[in-house]
């Protein structure tokens, strides 16, 4: 039963490598969000998917970041040519619809770029 | 710009009452959320305010004043398990997705016996 799940829980990579982070939202939730939580900082919005609409990518920090959501369910966040400043916890959240509803968060993926 | 302020740290003792304040300046407003986050875990929903006033839910209450851009989370009868980070977040309909949340940096609450 499940809540939002994310994998991997931890990822250590070398600078310049590409990484993929996965999010499985709660079944039936049409809205999916990616946030980033850096040490000492608040959660930072990255990207938002709502149903079959085009995603809102306005929070992505650079063109090295991209995300897709297949079949309206699972989402993958890809970071290309990782940099040390990309080190953070990447959190995924889902909600029943885009507005007015509580967002349920996954446990996050802790990314460390060496 | 968008700004959400809350104290960085607070301490309290078991059984006490603590109030965590949050002030916000955003281009729009469509609701304020409080989340609890234990170290290494996902944030979990505590409360949602969209109208002025106090919302009570068990030991936790949340207050909102839209004219002042101010909210507080009130925790009563504190327990050790309440030691966590408390995140204030605002939904700004004019920002980015319009439904994404703008978060403060969180208030780390330490409860001692």
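Protein chains in written order, with this note's numbering: chain A, 1 to 114; chain F, 1001 to 1113. C-beta atoms are modelled at their ideal positions from N, C-alpha and C, and glycine is treated no differently.
Please confirm whether residue i and residue j have their CB atoms less than 9 angstroms apart.
i: residue 104/A; j: residue 28/A; result: no
i: residue 47/A; j: residue 64/A; result: no
i: residue 1100/F; j: residue 59/A; result: yes
i: residue 9/A; j: residue 88/A; result: no
i: residue 1046/F; j: residue 1034/F; result: yes
i: residue 36/A; j: residue 114/A; result: no
i: residue 67/A; j: residue 49/A; result: yes
i: residue 1032/F; j: residue 1021/F; result: no
i: residue 1109/F; j: residue 1071/F; result: no
i: residue 1029/F; j: residue 1066/F; result: yes
i: residue 109/A; j: residue 14/A; result: no
i: residue 1037/F; j: residue 1087/F; result: yes
i: residue 72/A; j: residue 42/A; result: no
i: residue 106/A; j: residue 1042/F; result: yes
i: residue 18/A; j: residue 74/A; result: no
Return the residue from the list the options that minimises the CA-CA distance to residue i.
i: residue 1075/F; options: 1051/F, 1090/F and 1010/F; result: 1010/F
i: residue 30/A; options: 114/A, 111/A and 95/A; result: 95/A
i: residue 1112/F; options: 1106/F, 1048/F and 1078/F; result: 1078/F
i: residue 40/A; options: 1006/F, 1091/F, 1047/F and 1016/F; result: 1006/F
i: residue 1091/F; options: 1008/F, 1018/F and 1027/F; result: 1027/F
i: residue 69/A; options: 19/A, 11/A, 34/A and 110/A; result: 34/A
i: residue 5/A; options: 110/A, 56/A and 93/A; result: 93/A
i: residue 1017/F; options: 1061/F, 1002/F, 1039/F and 1003/F; result: 1061/F
i: residue 76/A; options: 32/A, 16/A and 17/A; result: 32/A
i: residue 12/A; options: 86/A, 106/A and 107/A; result: 86/A
i: residue 1023/F; options: 1094/F, 1002/F, 1080/F and 1093/F; result: 1002/F
i: residue 97/A; options: 7/A, 53/A and 21/A; result: 53/A
i: residue 1107/F; options: 1019/F, 1015/F, 1014/F and 1013/F; result: 1019/F
i: residue 1094/F; options: 84/A, 111/A, 56/A and 20/A; result: 56/A
i: residue 1059/F; options: 1004/F, 1105/F, 1040/F and 1015/F; result: 1015/F
Closer than 8 angstroms by beta-carbon distance: list the chain F residues that pair up with residue i, in chain order.
i: residue 43/A; result: 1043, 1087, 1089, 1101 and 1103
i: residue 31/A; result: 1099
i: residue 8/A; result: Chain F residues near residue 8/A: none, gap ~15 angstroms exceeds 8 angstroms.
i: residue 91/A; result: 1042 and 1043
i: residue 102/A; result: 1033, 1045 and 1048
Which residues of chain A have a Cβ atom closer than 9 angstroms to the Cβ of residue i, listed in chain order?
i: residue 1028/F; result: Going along chain A, no residue has its Cβ under 9 angstroms from residue 1028/F, so there is no contact; the nearest lies around 12 angstroms.
Using a cut-off of 7 angstroms between C-beta atoms, extract the partners of residue i located in chain F.
i: residue 83/A; result: In chain order: nothing, as chain F lies at least about 22 angstroms away.
i: residue 28/A; result: Near residue 28/A there are no residues of chain F at all, since even the closest Cβ is about 17 angstroms away, more than 7 angstroms.
i: residue 106/A; result: 1042
Would you mind telling me which residues of chain A sit closer than 7 angstroms to residue i, beta carbon to beta carbon, in chain order?
i: residue 1069/F; result: The premise fails here: residue 1069/F is roughly 17 angstroms from chain A at the closest Cβ pair, so nothing lies under 7 angstroms.
In chain F, which residues lie less than 9 angstroms from residue i when you measure between Cβ atoms?
i: residue 25/A; result: By Cβ distance, chain F contributes nothing, its closest Cβ being about 13 angstroms from residue 25/A, past 9 angstroms.
i: residue 39/A; result: By Cβ distance, chain F contributes nothing, its closest Cβ being about 11 angstroms from residue 39/A, past 9 angstroms.
What residues from chain A crowd round residue i, counting only those whose CB sits closer than 8 angstroms?
i: residue 1106/F; result: 42
With 9 angstroms as the C-beta to C-beta threshold (strictly closer), list the residues of the stretch 1036 to 1065 of chain F near chain A in chain order.
1037, 1040, 1041, 1042, 1043, 1044, 1045, 1048 and 1050
Residues, ordered as in the chain, of the stretch 60 to 80 of chain A that lie near chain F by beta-carbon distance below 9 angstroms:
none
Let me know the beta strand (DSSP E) ranges lying completely inside the stretch 41 to 77 of chain A, each 3 residues or longer, listed in chain order.
43 to 50 and 65 to 69
Which residue spans inside the stretch 1025 to 1054 of chain F form an unbroken beta strand (DSSP E) run of at least 3?
1032 to 1037 and 1044 to 1049
Uninterrupted beta strand (DSSP E) stretches inside the stretch 85 to 112 of chain A (no shorter than 3 residues)
88 to 95
In chain order, each beta strand (DSSP E) run of at least 3 residues that lies wholly inside the stretch 1054 to 1113 of chain F
1060 to 1065, 1070 to 1075, 1084 to 1091, 1101 to 1103 and 1107 to 1112
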